[in-house]
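Beneath this line is the structure, given in structure tokens, with notes to follow.
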Amino acid sequence: MGTFRIFEELSQVMDPATARKLTEILDAMYTDLQQTVTKGDFQELKSAIADLTRAQTTAEGQLGRLETVLVGLADAQKQTERRIAELAEKQARTEQQVAALAEAQKSMEQRLSRFESTVADLVEAQTKLTLAQKETEKALKELIQQVNTHEQRLAKLDGRTLEMQFRDKAAAYLGRVLRRTRVVSVGDIADELEGVLTPDEWDDLRMADIILSGRADVGGRKADVFVVVEVSVTVDATDVERAARRAALLRKKGWKAIAVTAGDDAADELISLAAYRGVAVLRDGQEFNWPQALAAA
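Now the structure itself:
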């Protein structure tokens with residue numbers, strides 16, 4: 001076999017540089033063998049070369065697969081590095097978010113601290129306000145009490161003024177039913193009532209606002225009568241009861257006695273009650289219940 005043919009056959013299974021080098025080695029060996037090696041030895045050499053060639057081919061295949069694996073590993077390495085880079089970027093963003101959250105937490109704690117301080121101030125202010133309110137309520141109660149006291153005094157003063165006015169103008173107020181009107185002091189009739197009234201009844205009669213005497217038409221006949229008047233700015237049921245009760249005390253002596261209440265105001269229901277009790281009512285110039293009062297006399 002010629003050197004060129006050997007080179008061609010080797011080039012089919014290995015790269016040209018390797019084939020050329022191996023051809024040169026074989027050519028030198030062949031030259032040496034021509035001088036020293038027998039034909040049988042040469043055949044063994046050819047077989048060894050064939051084995052070597054197959055081993056080379058196998059090695060190159062394994063090398064190719066190894067290169068493929070290495071390429072895959074390189075790609076995997078790149079993907080790993082890319083993922084690591086992404087993770088690093090995410091980690092950086094996470095750290096930024098954590099830092100932002102920490103800052104927000106710090107701000108929230110500061111706001112909470114201010115809020116707690118504000119709440120404490122509000123609690124203190126509320127406490128002061130509560131105390132002030134209690135003081136105000138106390139002062140208001142005292143003021144209300146004072147106002148009530150003043151109102152009571154004014155009511156008494158108004159009542160006394162109205163009583164004096166009625167006493168001075170009794171003849172005018174009662175002129176429609178009473179003639180020869182005059183004011184009677186309880187002392188003027190004390191002797192005549194002695195033994196008739198109990199001490200309690202006597203004390204009650206002395207508390208009458210006004211007692212008048214005169215002549216009135218009672219039962220179709222002119223007769224001497226007494227008039228017991230209870231005066232209030234606003235006539236109420238107590239005034240009606242007092243007038244009726246005190247007029248009844250005079251009747252115990254056998255005298256004719258008319259019960260009258262007078263004032264600036266009196267409810268319609270009160271006037272109805274007075275009619276039932278036989279008490280006349282004078283309300284701001286208006287007259288009510290004279291027939292019932294005269295009938296009760």
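The working numbering puts the sequence shown at residues 1 to 297.
Every residue gets a Cβ at the ideal spot worked out from N, C-alpha and C, and that includes glycine.
For clarity, every value in this text was computed on a predicted model and none was experimentally measured.
Burial state of residue i (16 or more Cβ within 10 Å)
| i | result |
| --- | --- |
| residue 112 | exposed |
| residue 50 | exposed |
| residue 181 | buried |
| residue 263 | buried |
| residue 166 | buried |
| residue 256 | buried |
| residue 335 | The requested residue 335 is not part of the displayed model; the chain covers only 1 to 297. |
| residue 278 | buried |
| residue 131 | exposed |
| residue 144 | exposed |
| residue 242 | buried |
| residue 250 | buried |
| residue 206 | exposed |
| residue 140 | exposed |
| residue 69 | exposed |
| residue 10 | buried |
| residue 186 | exposed |
| residue 266 | buried |
| residue 125 | exposed |
Through-space distance from residue j to residue i, alpha-carbon basis
| i | j | result |
| --- | --- | --- |
| residue 54 | residue 88 | 50 angstroms |
| residue 216 | residue 179 | 6 angstroms |
| residue 214 | residue 137 | 55 angstroms |
| residue 269 | residue 123 | 54 angstroms |
| residue 93 | residue 104 | 16 angstroms |
| residue 160 | residue 231 | 8 angstroms |
| residue 233 | residue 282 | 11 angstroms |
| residue 76 | residue 102 | 38 angstroms |
| residue 106 | residue 99 | 10 angstroms |
| residue 58 | residue 27 | 24 angstroms |
| residue 128 | residue 135 | 10 angstroms |
| residue 80 | residue 86 | 10 angstroms |
| residue 12 | residue 73 | 30 angstroms |
| residue 211 | residue 220 | 23 angstroms |
| residue 56 | residue 62 | 10 angstroms |
| residue 2 | residue 31 | 12 angstroms |
| residue 169 | residue 188 | 20 angstroms |
| residue 14 | residue 96 | 59 angstroms |
| residue 43 | residue 78 | 52 angstroms |
Cut-off 8 angstroms between Cβ atoms - residues of its own chain near residue i, not counting five sequence neighbours on either side
| i | result |
| --- | --- |
| residue 7 | 19, 20 and 23 |
| residue 260 | 174, 227, 228, 229, 230, 243, 279, 280, 281, 282 and 293 |
Own chain, CB closer than 6 angstroms to residue i, minus 5 neighbours either side, in chain order
| i | result |
| --- | --- |
| residue 300 | Residue numbering for the chain in the displayed model covers 1 to 297; residue 300 lies beyond these limits and cannot be assessed. |
| residue 284 | 264 |
| residue 246 | 205, 208 and 228 |
| residue 223 | 256 |
Residues that DSSP places opposite residue i in a beta bridge
| i | result |
| --- | --- |
| residue 228 | 211 and 259 |
| residue 217 | 222 |
Chain-order list of residues whose beta-carbon lies under 7 angstroms from that of residue i (same chain, five-residue window excluded)
| i | result |
| --- | --- |
| residue 236 | 270 |
| residue 71 | none |
heavy atom of the ligand GDP below 8 angstroms from residue i C-beta
| i | result |
| --- | --- |
| residue 129 | Ligands displayed in this structure: none; no statement on the ligand GDP is therefore possible. |
| task | Could you tell me which uninterrupted alpha helix (DSSP H) segments, each at least 4 residues in length, are contained entirely in the segment 157–193, listed from first to last along the chain? | result | 170–173 and 190–193
| Where are the beta strand (DSSP E) runs, 3 residues long or more, that stay fully inside the segment 234–287, in chain order? | 256–263 and 279–283
| query | Along the chain, which unbroken stretches of the beta strand (DSSP E) at least 3 residues long are found entirely within the segment 44–97? | reply | none
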